[in-house]
Structure formats: C-alpha cells, structure tokens
Amino acid sequence: MMNQRYTNEELVTRLWDKEIVKDLMARRCYYKQNDWRQRELDELWVRNPENQADMSLSNNLGYFVGPDDIKAYYVDGIAEKRQRQLELVKKTNPAAEYGNSVMNAHTYHTIMVELSGDGLWARYLAYDHGHQTDPQENGTAKGYWTSGHILADLIKEDGQWKILHIKQNHDLTIPAAPVPGAGGGGFGGPPPEAEGEGAPGGPPEGGEGPGGPGGPPPMPDMGPDPYEDEYGTPTVALPYVVKWAWNDLPKQMPNTYEPHESYDPTISYGPAGHPDQLRSWR
Amino acid sequence: MSRNFTPEELLTRWESRREIQNVMGKVSQSYIMMEEAQIYDRFWSKREDVCLGVNEGWYAGAAAVKGYYDSMGEKIRLASDLIAKAFPEKLSGKTTDELYGVGQLGVKPIDTFVIEIAEDGETAKGLWSLHGTYANMTPSGPVSNWDWGYWCVDFVCEDGAWKIWHMQDLKDIESPTGGDWAAEPLSFPEEPAFAALKDFRFPEPNVKATLRERYYVGRPFTETPPLPEPYETFADTFSYGM
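Top to bottom, those sequences are chains A and B. For the first sequence, the numbering used here begins at -7 and goes up steadily by one. For the second sequence, the numbering used here begins at 2 and goes up steadily by one.
If you want it as structure tokens, here you go:
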C-alpha cells in the first residue's frame, strides 16, 4: 500500500491538499463565468517564470503555451468576443453595456484528484456541464447547453497549489430549444448531405452509420457551433477531437488513473502529454 | 489560510469541510425524497436571525423560513391529492401519507463548491452551483423545468454540528424544458383536473428585494454571487444574509 510510507502528519497534508485542489479549480470555474480571466491567470496559475514557460491552456484544436499566448487567446479573445456581442446588442439596445444579454455557466463535477507520491503534483479530472447564451442579430438571444472534459495539472509553487496546465475538451453544444429533425440532439452529428447520399467520413464501411444506407438520417444543419468561436489558433496545434460526432472513435486521453511518484510531462495535460497514438495509453 | 494550523487542527477543518458538504448534500437529497418540509427542522440553525434569500427577496426570521419550507409540503400534498383523483384506478385506496409526493420530482444536484471555514472554527461559508430539473405541478398539470443557479450559505457551528444560518437560493434559469430560456417560455393549456392549483400561493418573502434577476434578453452582465474568502471570524467577512 502506497500510504504506508507516510507519517500521519503527511497523510493529513495530503487529505487537505486534495480539498485545496478541488477548491482552486472551483474558483477557476467561477472566475471564468465572471470573465475574470486575467485575474485567474494572476491568482490561480503558476507565477514562477520557469513554470510559466511550460504553462498551457488547451482546447480541441491544440495548446496555447506560455503566459503571452494564453493571454492573447483566453483574455484578449474573450474581450474581442464580448465587443462583437455588444455591437450586435447595441443595434437594438444602444444603451447596452459590456456583457448585456450574455450568460454562461460552467460546473465541475465527478471530480477525481490524484496526488503524486512526492505530493508536489496533482492531476485533476472532472466533467463540465454548463450553459451559454449568446445575443443574436435581431435583438434576441439563443441558449445552449455545453459539456466537456476538464483536466488539469497543478503543482506546488512556494507551498501553494497553482495551475500548470488545463485541458478543456469540448464535447457537445446542444441548443436549449430542440432543432426540428435533430431529435433533441445537439451539434455533433455528421453534416447534412444531399438526399440519398451518405455523410463523408460518416458511416463506416458497411453503411450502418448515420446518413448511410440503413442507418439513421444525418443531422440537420444547425449552423456553426457557437462554442467554436472561442477555439482560436493554438501555439501547438495538436487536436483532441475537433468536433464530437456519432461515428468518432473513442477519445484519446492520457492514463489518468494510475498514481505516479513525481511529475511526468509525458503523461501530463500539457503538449508533451498529448496522446498522439490512438489508444496508446491502454 | 492566513495562519498555519497544526495537523490536528487541519484534520478537524478537513472534517468540517466534509460535514458541510454532507449537510448541503442532504438538503439536495431532501428535494429528491420529497422531504422539503423537513429541511428547516433538520438542517437550519434555531437562531432567530436566520434568513433565506430568493431572487425576489428574503424570508427573514425563523418563522418565515420555516413557513417557506412548510408551504412546499402543502403544495406537494395538494398536488398529490389532485393526481390521486385524476388516476383513481391506480391510486384509490391509498392513504394520504402513501400518496404524498406521487408523480412529482425535484432534482437539485450541487457541485463546484468553494468552502471557507473561519479560523476560529465557529462559522463557515460555502458557494455551490446548482443544475437541476423539477416537475412543477401547475394548473396545466406537471411541467418540467430547468433549474440552474446557486446556493450561497453561511453556516454556524452549534453543539458541534454545522447548521445553516443564512442561505440564498438564486436562479439564473428557471424555465420549461424543451424551450429556450432566452425566448418566451412555453405555455400549456389548463387541465381541469389540476385547476385547483391556481389558488395555491407560496408565501411572499417578508422583505422584498431583488437579489438576482433571472436571465432575460437585455439582462446586464451578471456575475456569480461572491466567492468565500479566507477569514478569521465572521465579523471580518461578508454575509450571505441580509
């Protein structure tokens, strides 16, 4: 048993550390909802320049690495998006201010925290259920459910837990109001095709998939996924799953469930830990 | 933390955090079990200065908070009676207690908690996200709703047990499923079997105030409720109460 190596004091510290890691990631969740993104980077992420060179924030397209690229994507990117949204809202509500008609929420649940043997690295895995409401051209707005994996590496910096990597892998965006023909589903199916044709890359050989002979009909066209607005152009373009679809292969993820003695970048949620080889972790 | 705790103190604080999570987990489970009417007796402090905030104001004082939860029980009892009358072939012969809660569902999962325990160990604060659904019994019959928002709670330690002192139960989304919360809510024709629900009213908050606006197109950007921060004693921090 791994725990036999620790004193009671060390075990208490490890218990407490897991709580602090969960607390820190929950704070991150609320900071994001509040658009406190620069504050999040200042307060919750690593500050040591050596660690900052390795810090990364990833989405489905790849990794933003280092404080400058992360800021350009995560902080400046949302400011630009909010400005575009405000311009839309102002067409029908000239007095509107920042964030008018915008709403978003993220919740982290089904949490796992794994501490390394040396107690200096924590791996955090959770699922994010949330919603997003975006103003539209004509003075209306649309609501969506969103969901995806949230994975993070945290390290101890001067005795305080700080975020080193976050991997936010978006799975689904589902319109709050059902889209006719979508069966209540969301974005993610193969794109619509001309009548009688299968979806490209959609039905696997044998034609049993959506849109193929004998398979269910393809998804209707629901327009662009609003969540993809925020993908940007990553520093390291190593995609996860660009868009979940009915016929996707299982997710490629590093092995999260085995304890490790100390920080290992090759199984981290940074670029060095990206699972290039399908199912290589199995 | 502004000071270092001994391992024994840290373990006590760890147990407190777990106990507080359990208290709110039990409150959440109470909704699933149709035991809303017991929430005040089981989980709230018996201090007179308790208060419960909802979007439209405060239930201030022990009697008002208890009355709020009691009224939930009354509505469940009324709806149960109407459902029993609507389905006599299945439900006739059941006692009132057996019928209590029939056909009704309220699910309030909570997560994303931020908890701070005062350094003096006498009070604590917590913020949770809530993402629920519930079948609201209406004059149109049961209507399923999205129910998303926050639980913000001040706790007080009484006789070694953590009790709710102040709570805010705030909604961002509370609208029928199958529709967009950013559009006009779906409406349904009245069902004569459930028309008696038109006369049912929850007690109004005894202190009117807008604590939070539910989402509407044009709502100003609305931040989450404030996050708990480390504090020494309750006088040093903000209150989730009035």
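Backbone N, C-alpha and C fix where the C-beta goes; we use that ideal spot for every residue, glycine too. No experiment lies behind these values; they were computed from the predicted model shown.
Starting from the beta carbon of A:Val105, find every residue of chain B whose beta carbon is closer than 7 angstroms, and list them in chain order. Taking the first sequence and counting its residues from 1, one reaches residue 105 of chain A at position 113. None at all; the shortest Cβ gap to chain B is about 14 angstroms.
Check the Cβ-Cβ distances between A:Ala64 and every residue of chain B, and say whether any is below 9 angstroms. Along the first sequence, one-based indexing puts residue 64 of chain A at 72. No, no contact with chain B.
Would a check of beta-carbon distances place B:Trp59 closer than 9 angstroms to chain A? Position 58 of the second sequence, counting from 1, holds the residue named residue 59 of chain B. Under the Cβ criterion of 9 angstroms, B:Trp59 is not counted among the residues facing chain A.
Does the beta-carbon of A:Glu187 have 16 or more other beta-carbons within 10 angstroms, so that it is buried, or is it exposed? If you number the first sequence from 1, residue 187 of chain A lands on position 195. Per-residue confidence for A:Glu187 stands at a pLDDT of 38, beneath the threshold of 50, marking its modelled position as unreliable; the derived number appears in the next sentence. Under a 10 Å Cβ-count criterion, A:Glu187 is classified as exposed, with fewer than 16 other Cβ atoms of the shown protein chains found around its own Cβ.
Note the first and the last residue of the continuous beta strand (DSSP E) segment covering B:Asn23. Taking the second sequence and counting its residues from 1, the one referred to as residue 23 of chain B is at position 22. No beta strand (DSSP E) contains B:Asn23, which is instead part of the alpha helix (DSSP H) from Pro8 to Ile33.
Three Cβ pairs or more, each shorter than 8 angstroms: is that satisfied between the stretch 105 to 119 of chain B and the stretch 209 to 227 of chain B? No, they do not touch.
Just how far apart, CA to CA, sit B:Phe195 and B:Ile77? Within the second sequence, the letter at position 194 stands for residue 195 of chain B. Within the second sequence, the letter at position 76 stands for residue 77 of chain B. Distance between the alpha carbons of B:Phe195 and B:Ile77 is about 13 angstroms.
Does the beta-carbon distance from A:Tyr261 to A:Ile158 come in below 9 angstroms? Locating residue 261 of chain A in the first sequence gives position 269, counting from the first residue. Locating residue 158 of chain A in the first sequence gives position 166, counting from the first residue. At a Cβ-Cβ threshold of 9 angstroms, A:Tyr261 and A:Ile158 count as neighbours.
Through-space distance from A:Met95 to B:Phe239, alpha-carbon basis: Here residue 239 of chain B corresponds to residue number 238 of the second sequence, with the count starting at 1. Here residue 95 of chain A corresponds to residue number 103 of the first sequence, with the count starting at 1. Approximately 25 angstroms, taken between the alpha carbons.
Helix, strand or coil, according to DSSP, for A:Val13 in the structure here? Position 21 of the first sequence, counted from the start, is the residue given in the question as residue 13 of chain A. Note: A:Val13 maps to helix in three-state DSSP.
List in chain order: all unbroken beta strand (DSSP E) runs of 3+ residues lying wholly within the stretch 115 to 180 of chain B. Restricted to the stretch 115 to 180 of chain B, the beta strand (DSSP E) segments that are unbroken, complete and at least 3 residues in length are 124 to 139, 142 to 159 and 162 to 177, listed in chain order.
Is the separation between the beta-carbon of A:Ala118 and that of A:Asp145 shorter than 9 angstroms? Taking the first residue of the first sequence as 1, we reach residue 118 of chain A at position 126. Taking the first residue of the first sequence as 1, we reach residue 145 of chain A at position 153. One thing to note: A:Ala118 has its Cβ no nearer than 9 angstroms to the Cβ of A:Asp145.
Considering just the uninterrupted stretch of the beta strand (DSSP E) at A:Thr165, what are its terminal residues? Mapped onto the first sequence, residue 165 of chain A falls at position 173. First-last of the beta strand (DSSP E) with A:Thr165: Gln152 to Pro167.
Would you say B:Phe114 reaches chain A, if we count a Cβ-Cβ gap shorter than 9 angstroms as a contact? Along the second sequence, read from residue 1 onward, the residue named residue 114 of chain B stands at position 113. Against chain A, the CB of B:Phe114 has a partner CB under 9 angstroms away; the residue lies at that interface.
For B:Asn56, three-class secondary structure by DSSP: Taking the second sequence and counting its residues from 1, one reaches residue 56 of chain B at position 55. Three-state DSSP puts B:Asn56 in coil, outside helix and strand.
Is B:Met243 buried or exposed, if buried means 16 or more other CB atoms sit within 10 Å of its CB? Residue numbering aside, residue 243 of chain B sits at position 242 when the second sequence is read from its first letter. Taking all protein chains shown into account, B:Met243 has fewer than 16 neighbouring C-beta atoms within 10 Å of its C-beta and is therefore exposed.
Exposed or buried, A:Ala87, counting other C-beta atoms within 10 Å across all chains shown (16 or more means buried)? Counting from 1 along the first sequence, the entry for residue 87 of chain A is found at position 95. With fewer than 16 Cβ atoms within 10 Å of its Cβ, A:Ala87 is classed as exposed.
Nearest by alpha-carbon distance to A:Gly280: which of A:Ala97, A:Asp46 and A:Thr132 is it? Lying before the first or after the last residue shown, residue 280 of chain A is absent from chain A, which here runs from -7 to 274.
Can you name the residues of chain A whose CB is closer than 7 angstroms to the CB of B:Leu11? In the second sequence, counting from the first residue as 1, residue 11 of chain B sits at position 10. Going along chain A in sequence order, the residues near B:Leu11 (Cβ under 7 angstroms) are Val4 and Trp8.
Using the beta-carbon of each residue, which ones in chain A are nearer than 8 angstroms to B:Trp149? As a first step, residue 149 of chain B is located in the second sequence; it is residue number 148 there, counting from the start. Ordered by position in chain A, the residues that pass the 8 angstroms Cβ test against B:Trp149 are Ala97 and His123.
Interface residues of chain A around B:Ala184 at Cβ under 9 angstroms? For the purposes of this step, residue 184 of chain B is taken as the residue at position 183 of the second sequence. What B:Ala184 touches in chain A: Thr132, Ala133, Lys134, Gly135, Ala168 and Ala169.
By the criterion of Cβ-Cβ separation under 7 angstroms, what are the contact partners of A:Gly54 in chain B? Locating residue 54 of chain A in the first sequence gives position 62, where the first residue counts as 1. In chain order: nothing, as chain B lies at least about 27 angstroms away.
Got a sec: is the Cβ-Cβ distance from B:Val24 to anything in chain A below 9 angstroms? Here residue 24 of chain B corresponds to residue number 23 of the second sequence, with the count starting at 1. Under the Cβ criterion of 9 angstroms, B:Val24 is not counted among the residues facing chain A.
DSSP on A:Pro127, reduced to helix/strand/coil? Your numbering for residue 127 of chain A matches position 135 in the first sequence. In the three-state reduction of the DSSP assignment, A:Pro127 falls in the strand class.
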